[in-house]
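Input: a single structure, listed below in structure tokens.
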Amino acid sequence: MQSHITGKVLMIRPICFGYNEETAVNNYYQKKDTKSSREIQEEALEEFDTMVEVLRKYKIEVKVLEDTLQPYTPDSIFPNNWFSSHENGSIVLYPMFAENRRLERREDIYDFFNEDKMNILDYSPLEKEEIYLEGTGSLVLDRKNRKAYCSLSKRADERLLDIFCQDLGYQKIAFHSYQTVEMERKEIYHTNVMMSVGEKFAILCADSIDNLEERAKVIASLEEDGKEIIFITEEQVEHFLGNALELKNEEGVHLCIMSATAEKILTEEQRKSLEKYAVIIPVKVSTIEKYGGGSARCMLAELY
Numbered sequence: 001m002q003s004h005i006t007g008k009v010l011m012i013r014p015i016c017f018g019y020n021e022e023t024a025v026n027n028y029y030q031k032k033d034t035k036s037s038r039e040i041q042e043e044a045l046e047e048f049d050t051m052v053e054v055l056r057k058y059k060i061e062v063k064v065l066e067d068t069l070q071p072y073t074p075d076s077i078f079p080n081n082w083f084s085s086h087e088n089g090s091i092v093l094y095p096m097f098a099e100n101r102r103l104e105r106r107e108d109i110y111d112f113f114n115e116d117k118m119n120i121l122d123y124s125p126l127e128k129e130e131i132y133l134e135g136t137g138s139l140v141l142d143r144k145n146r147k148a149y150c151s152l153s154k155r156a157d158e159r160l161l162d163i164f165c166q167d168l169g170y171q172k173i174a175f176h177s178y179q180t181v182e183m184e185r186k187e188i189y190h191t192n193v194m195m196s197v198g199e200k201f202a203i204l205c206a207d208s209i210d211n212l213e214e215r216a217k218v219i220a221s222l223e224e225d226g227k228e229i230i231f232i233t234e235e236q237v238e239h240f241l242g243n244a245l246e247l248k249n250e251e252g253v254h255l256c257i258m259s260a261t262a263e264k265i266l267t268e269e270q271r272k273s274l275e276k277y278a279v280i281i282p283v284k285v286s287t288i289e290k291y292g293g294g295s296a297r298c299m300l301a302e303l304y
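Using UniProt numbering, read the sequence shown as starting at 1 and increasing by one per residue.
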């Protein structure tokens with residue numbers, strides 16, 4: 001029986017990683033300072049290579065693609081936003097909000113898939129209509145129960161969410177989530193910042209879903225599938241605790257990949273709950289988090 005949790009991922013090795021002005025307009029996790037772009041790239045590359053080593057040590061199959069100098073793509077380290085692969089052989093290409101992120105799409109990803117089974121769904125032309133849905137950043141998929149959780153935002157359009165759910169056979173669980181920025185409630189740009197769905201557990205910042213009906217809907221949906229919900233705070237979201245991913249290694253061991261920043265802010269109770277279902281694997285990606293505004297999960301594109 002095909003597992004709904006994969007042990008195979010694609011990662012893009014950065015060549016010009018850095019702060020992206022185009023995405024910073026609505027990704028409030030990105031930070032800018034006086035560090036040189038060369039230093040930022042060198043630190044990010046070291047973090048990337050170490051993360052690959054750690055995943056391989058834990059028997060996860062990691063395919064690495066080298067980024068290219070041209071075109072300039074400072075966020076290429078986050079491939080899960082522009083494509084996703086699926087158990088039925090579908091590969092979905094997504095429309096991206098930032099123009100320089102659209103340049104990340106590359107055809108050599110198809111080399112990792114079985115051509116006979118491959119079915120490409122390309123939604124990227126919708127960029128012309130300013131309709132966006134940024135892969136498994138916008139979509140947190142419960143592949144087993146066929147549910148697509150999506151926090152609607154400028155980067156996650158409900159019209160395309162409906163099309164995705166129809167094409168791939170998912171039930172839509174749409175809602176709105178927010179974070180406090182300078183005393184104001186602002187949209188969270190990607191769902192996978194505030195929630196993660198594993199096989200038997202879910203990590204969720206319910207407090208970020210301000211509409212109580214929507215909050216109750218999300219919680220009820222997770223509970224009806226028998227998942228233990230590990231509730232996290234908005235402060236923990238800022239430390240990327242929601243940005244985790246469950247993988248299953250070649251020995252059948254379930255792993256929960258998260259950043260060291262996230263792992264450090266787990267409470268003892270949260271840790272115990274999570275460890276019932278998966279071994280926690282922390283990876284140090286603090287430079288990538290600071291300048292890219294994304295964490296460990298964003299760097300992993302699952303392969304099926």
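Just so it is clear, CB atoms sit at the ideal spot from N, CA and C, and this is done for glycine as well.
- A contact between stretches requires three or more CB pairs, one per stretch, nearer than 8 Å, and the segment 161–168 meets this requirement with the segment 76–96.
- Under DSSP, L45 shares a beta bridge with no residue.
- The residue among I131, V197, A156 and D122 with its C-alpha nearest the C-alpha of D142 is V197.
- Using a Cβ distance threshold of 9 Å, I173 and V218 count as a contacting pair.
- Leaving aside the five residues that flank L69 on each side, the residues in its chain whose CB is nearer than 7 Å to its CB run, in chain order, I15 and C16.
- Put simply, the backbone Cα of V193 is about 9 Å away from that of R297.
- Beta-carbon to beta-carbon, T136 and S208 are separated by about 18 Å, too far to satisfy the 8 Å threshold.
- The beta carbon of Q41 sits closer than 7 Å to the beta carbons of P14, C16, F17 and G18 from its chain, once the five residues preceding and following it are set aside; these are given in chain order.
- Taken through DSSP and simplified to helix, strand or coil, I77 comes out as coil.
- Counting the other Cβ atoms within 10 Å of the Cβ of N81 gives 16 or more, which makes it buried.
- Look at F112 here: in three-state DSSP terms it is helix.
- Of the residues assessed, L212 falls on the exposed side of the cut-off, its CB having fewer than 16 other CB atoms within 10 angstroms.
- Remark: C-beta atoms of S295 and S259 approach each other more closely than 9 Å.
- Inclusion of G226 and P74 in the CB contact set at 9 Å is not warranted, their separation being larger than that value.
- Judged by beta-carbon spacing, I230 lies within the 9 Å limit of L204, meaning their Cβ atoms are closer than that value.
- Taking a 10 Å sphere around the C-beta of G7, we find 16 or more other C-beta atoms and assign the residue as buried.
- Beta-bridge partners of M299 (DSSP): none assigned.
- Taking C-alpha positions only, K128 is separated from N114 by approximately 30 Å.
- Taking a 10 Å sphere around the C-beta of Y149, we find 16 or more other C-beta atoms and assign the residue as buried.
- Counting other Cβ atoms within 10 Å of its Cβ, R155 reaches 16 or more and is therefore classed as buried.
- In this structure N119 is exposed. Its beta-carbon is surrounded by fewer than 16 other beta-carbon atoms within 10 angstroms.
- Beta-bridge annotation (DSSP): N192 is not paired with any residue.
- Contact between F240 and T261 holds: their C-beta atoms lie close to 6 Å from each other, under 8 Å.
- Looking at the DSSP output, Q179 bridges to K186.
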